[in-house]
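Residues in the sequence shown are numbered consecutively from 287, following my numbering. Don't be surprised by glycine CBs; every beta carbon is placed ideally from N, CA and C. Please read these numbers as outputs of a predicted model, since none were measured by experiment.
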Amino acid sequence: EGTETRLADSFRTALDLADGIAFLETAPGSAPASAPAPGDNDPERFTFSEKFACPVSGFTIPEIEPRLFSFNAPFGACPTCDGLGRELFFDEGLMVPDKALSLEDGAIAPWRKGKSPYFIQTIEAIARHYGFAAKTKWKDLDEEIQQVFLRGSGETEIKFRYDEGGRVYQVERTFEGVIPNMERRYRETDSAWIREEFERFQNNRPCGDCGGYRLRPEALAVKIAGIHVGQVVQMSIAEAFAWCETVPDSLTKQKNEVARAILKEIRERLGFLNNVGLQYLTLSRNAGTLSGGEAQRIRLASQIGSGLTGVLYVLDEPSIGLHQRDNDRLLTTLKNLRDQGNTVIVV
């Protein structure tokens, strides 16, 4: 007793010196009753951190704020794909579109243009090293040989012989591979023409770092009821509404006090979308893939949620593509919009 201020000052000093992380070790016989009994004579250790950080791995996230969960903001967007959720890659299928061709006849599409002597001599050198004929069809080559051409020879050195007309020389080195070579050149070039030429052999896939969720790892590390926001937006509107109903069961009483108003707002917005027959849409659906009727009903739901009055709404076939069972819900929604003091005209 009487040492609280001194202990607090010492602990503050420890946090400052250790970049926000401090350890507390209990003296023998002084561990709190709630602490687990140590398995040996070593003192019990407790870890304290004043940051959002894992004391084991050192993974740290900044202060949690709304923009962290928006892929439209640099603060929250995945740094690899810039919040797009997709990344470009050189597609093996586009590199070798016709597997019935031989290497000699231009099986590798980027090497086909002009049939440079350099590429032909490179093929012949690799064929000599691995013991196959350059006229062999691509589909008949071993998978290992195909990957050497596409991905490189790794640490295996190959003897290349080049005849440049007036000069003949040999060099022994590893083979970079078509795809790594194009990746490097695409990364280094400033030429728009070269980039456009290379993009003919590219495809897109979900970003390897964010998994297609479009958010940085720090945002995906924040979880509610066991899942992160990226997994929530993959749900349909109906599934997300049902999930929101179960969230309070996984929160403490204190956290429920904070979440109550937020969940109410989310449920209302999802309810508006549900009532206009859009319960099947996923929250991550790209706006460009929506039909005209779906886009119109989304705008309608947002207007209901805004609470505006004195507005004239002209709707062009709002029930187009809508299942018969959802027509009544749509009509109820339109009447609610009217009852808020608006004028609704349906064509």
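Residue i: buried (16+ other C-beta within 10 angstroms of its C-beta) or exposed?
i, result
"GLU580", "buried"
"ASN572", "exposed"
"GLU373", "buried"
"TYR499", "buried"
"LEU598", "exposed"
"PHE309", "exposed"
"PHE355", "buried"
"GLY627", "exposed"
"TRP397", "buried"
"VAL600", "exposed"
"GLY516", "buried"
"PHE558", "buried"
"VAL635", "Nothing can be reported for residue 635: it is not among the residues displayed for the chain, which extend from 287 to 633."
"ASN560", "buried"
Could you have a look at residue i and say whether DSSP puts it in helix, strand or coil?
i, result
"LYS445", "strand"
"ASN490", "strand"
"THR312", "coil"
"VAL632", "strand"
"ASP385", "Note on residue identity: the sequence assigns Lys, not Asp, to residue 385. Coil at LYS385, not helix or strand."
"PHE357", "coil"
"LYS539", "helix"
"ALA507", "coil"
"ILE523", "helix"
"GLU373", "strand"
"ARG546", "helix"
"SER296", "helix"
"THR366", "coil"
"ALA339", "strand"
"THR532", "helix"
"THR291", "helix"
"PHE334", "strand"
So residue i and residue j are supposed to be a Cβ contact under 8 Å. How far apart are they, rounded?
i, j, result
"VAL562", "THR619", "5 Å"
"SER477", "THR460", "About 27 Å; that fails the 8 Å criterion."
"LEU380", "PHE487", "5 Å"
"VAL519", "SER570", "4 Å"
"TYR448", "TYR416", "Not confirmed; about 18 Å, so no contact."
"ILE406", "PHE435", "With a Cβ gap of about 13 Å, ILE406 and PHE435 do not count as contacting."
"PHE446", "GLN456", "7 Å"
"VAL533", "LEU549", "6 Å"
"LEU623", "ILE590", "6 Å"
Could you name each continuous beta strand (DSSP E) segment of 3 residues or more that falls completely within the segment 548-627, going from the start of the chain to the end?
Here the runs fully enclosed are 598-601.
Would you call the segment 498-507 in contact with the segment 343-360, where contact means no fewer than 3 C-beta pairs closer than 8 Å?
Touching, yes.
Which parts of the segment 398-480 are runs of the beta strand (DSSP E), unbroken and 3 residues or longer, counting only runs that do not cross its ends?
You should have 443-449, 454-460.
Do the segment 525-537 and the segment 350-370 touch if we need at least three Cβ pairs shorter than 8 Å?
No: fewer than three Cβ pairs fall under 8 Å.
Three or more C-beta pairs below 8 Å linking the segment 541-549 and the segment 598-612:
Contact fails: fewer than three Cβ-Cβ distances are below 8 Å.
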